[in-house]
Each structure stands twice: as structure tokens, then as C-alpha cells.
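Residue numbers (full-length UniProt numbering): 1 to 151. Glycine included, each C-beta is placed from N, C-alpha and C at the ideal position. Since the structure comes first, as C-alpha cells, the remarks are kept for the end.
Structure representation (C-alpha cells):
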């Protein structure tokens, strides 16, 4: 008949079942290394069977020369816009060859609190861009504006 209490006592006293600190730490390091490799593995490009990097550019400003559709702030002039534009298309010509697939847009100062251009770029390229907005903290409707921008 199996007696769990007796079996437990036998295992505790058997030197072959003791786990040394060195063995425990070594096992934990191996487990962590395996988990890390699994988590950071890149997706595989089916054509080449090689991992493809997925880079993120975390700080990019975009703006257009079309100041009729996207007027700049009265605190700036067109001469401040140097170069005169850096559109999403211009950005893609730089980032795509480098493997950049995701981009965080930062509101361009020329537009101050008018986020129309940045939001239009984001809407035209779903899944590519995230955005960082400028908020006029003196506005009486600040809470509503933040909720609107979060959508």
C-alpha cells in the first residue's frame, strides 16, 4: 500500500533527489533564455524563410506644403517650413528601404493644436502610425478634446 507521508520522508532523505542551488539557478537561466528567444523571434518571410526585422521609428514629424487645406499656425510662416514638406509618401521613401514598419508621429509645431494633417495621415495608413498630440491645456473643453483625439 502506498503511503504518501512515508514516500515524502524517503524522498527528502534521498541525496539523489536533492536539488542544489547551482542546478536550480542553471535551470532557471536556461528557461529564461529559451523564453526570451521565443518571445523576441521575428516573423519569418515566407519567400526567404529568414526572419524579417520589424523596426519602429518612435519620433517623426510630417507636414505638407498644402497650407490651404492644412493652414499653419499664425505664430509661424511658410518660410519656417524647411523643407517645405515632409509627407507620408516622402517618409515612406526613407523608412521602407530600412525596414521600418511602424511609426509614431509627433504633432508638427507649425500646426500647433490643429491635428487635422496628422490625423488624416494616420487614417490613410491604418496600422502604420500612432500619434502624439499637442494639447492646449488652457481650453475650457480640454477633457472633450482629449476624448476626441483618443478616438
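In three-state terms, what does DSSP make of residue i?
{"i": "residue 105", "result": "strand"}
{"i": "residue 114", "result": "coil"}
{"i": "residue 80", "result": "helix"}
{"i": "residue 37", "result": "Only weak support is given to the placement of residue 37: the predicted model assigns it a pLDDT of 47, under 50, and the value that follows is read from those uncertain coordinates. Residue state, collapsed to three classes: helix."}
Which residues in the same chain have their Cβ closer than 6 angstroms to the Cβ of residue i, if we skip the five residues on either side of it in sequence?
{"i": "residue 104", "result": "58 and 130"}
Would you give the residue range spanned by the alpha helix (DSSP H) that residue i belongs to?
{"i": "residue 92", "result": "88-95"}
{"i": "residue 148", "result": "142-150"}
Along the chain, where does the beta strand (DSSP E) containing residue i start, and where does it finish?
{"i": "residue 130", "result": "129-132"}
{"i": "residue 57", "result": "55-60"}
Grab me the residues of residue i's own chain with a C-beta within less than 8 angstroms of its C-beta, minus the 5 sequence neighbours each way, in chain order.
{"i": "residue 124", "result": "88"}
{"i": "residue 91", "result": "60, 62 and 103"}
{"i": "residue 108", "result": "61, 62, 63, 117 and 118"}
{"i": "residue 86", "result": "61, 62 and 63"}
Could you tell me whether the Cβ atoms of residue i and residue j are closer together than 8 angstroms?
{"i": "residue 70", "j": "residue 113", "result": "no"}
{"i": "residue 135", "j": "residue 122", "result": "no"}
Keeping to the same chain, check which residues put their C-beta closer than 7 angstroms to that of residue i; ignore five residues upstream and five downstream.
{"i": "residue 80", "result": "110"}
{"i": "residue 98", "result": "55"}
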